[in-house]
Amino acid sequence: MNFRMGYFILTVILLTLLIGCSKSLSNNEGEQFTPAQTDIVSEHDGIENLTRLKDFIQNVSKGKEDKIRVVSYTKEGDPIISDITFNETLEVKSDTTKDDYGDNTIKTHQCKTIEVIKNENNQDEYVLTGCSGYKIPYYLGVDKKQLINWHSSTNGCLS
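In my numbering, the protein residues as written are 846 to 1004.
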């Protein structure tokens, strides 16, 4: 009887260790986020649907209501979703719930302007500025295709 009781206790301990030490699955693991065709996708190699982003900026400058979704990716490949609306004011809803290493929150910020600024490589960067809760501009992406087009037209050389 003692042998069976010892065997039972050992089995319970091993199962407890196995369950306790196993990697827990995050809420997002196994889920693959797929952006919609209308989403503006900002990755490390540039921006997809850049024309839609430029249209949004033009609508904001004209005071016309509009909304876009910008999907950015972390270096680990996790999506950060930014829903940006303009209805007299700029508002961005930032969703990091699909980022395994982020703060797993959805935050809303009011912003003053959306701007296109030149970076050190003379590429257009798209940012929201004057956002509540942000000391630096809210980065949307960079048009890296400008550099590719410039290299193609100049063979990478200045005249």
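Note that beta-carbon positions come from the ideal geometry of N, C-alpha and C, so glycine has one too.
Which word fits Gly986, buried or exposed, when buried means at least 16 other C-beta atoms lie within 10 angstroms of its C-beta? Here residue 986 corresponds to residue number 141 of the sequence shown, with the count starting at 1. Counting C-beta atoms within 10 angstroms of its own C-beta, Gly986 has 16 or more neighbours from the protein chains shown and is therefore classed as buried.
Can you tell me the Cα-Cα spacing of Asp948 and Lys938, whole angstroms? Your numbering for residue 948 matches position 103 in the sequence shown. Your numbering for residue 938 matches position 93 in the sequence shown. Distance between Asp948 and Lys938, taken at the CA atoms: about 14 Å.
What residue range does the alpha helix (DSSP H) around Leu877 cover? Against the sequence shown, residue 877 aligns to sequence position 32. Sequence inspection shows Gln at residue 877; the Leu mentioned does not correspond to that position. Element bounds for Gln877: n/a, residue is neither H nor E.
Count Cβ pairs between the stretch 880 to 887 and the stretch 904 to 919 that sit closer than 8 Å; are there 3 or more? In short, these stretches touch, since the Cβ pair count reaches three.
With DSSP collapsed to three states, give me the class of Thr953. Residue mapping note: residue 953 aligns to position 108 of the sequence shown, counting from 1. Thr953: strand per DSSP, three-state reduction.
Which one of Ser927, His954 and Thr883 has the shortest CA to CA distance from Lys943? Position 98 of the sequence shown, counted from the start, is the residue given in the question as residue 943. Nearest option by C-alpha distance: Ser927.
Kindly identify the DSSP beta-bridge partner or partners of Lys938. Within the sequence shown, residue 938 is the residue found at index 93, counting from 1. Looking at the DSSP output, Lys938 sits in a beta bridge with Asp928 and Thr953.
Taking the alpha-carbon of Gly922 as reference, which of Lys907, Thr930 and Asp945 has the nearest alpha-carbon? Taking the first residue of the sequence shown as position 1, residue 922 is located at position 77. The shortest Cα separation from Gly922 among Lys907, Thr930 and Asp945 belongs to Asp945.
Just the Cα atoms here: how many angstroms apart are Gly975 and Arg897? Here residue 975 corresponds to residue number 130 of the sequence shown, with the count starting at 1. Here residue 897 corresponds to residue number 52 of the sequence shown, with the count starting at 1. Looking at the two C-alpha atoms, the distance is approximately 22 Å.
Can you tell me whether Lys990 is helix, strand or coil according to DSSP? Within the sequence shown, numbered from 1, the residue matching residue 990 stands at position 145. Three-state result, Lys990: helix.
Could you check if Thr879 is buried or exposed, using at least 16 other CB atoms within 10 Å of its CB as the buried criterion? Here residue 879 refers to the residue found at position 34 of the sequence shown. Exposed, because fewer than 16 other Cβ atoms sit within 10 Å of the Cβ of Thr879.
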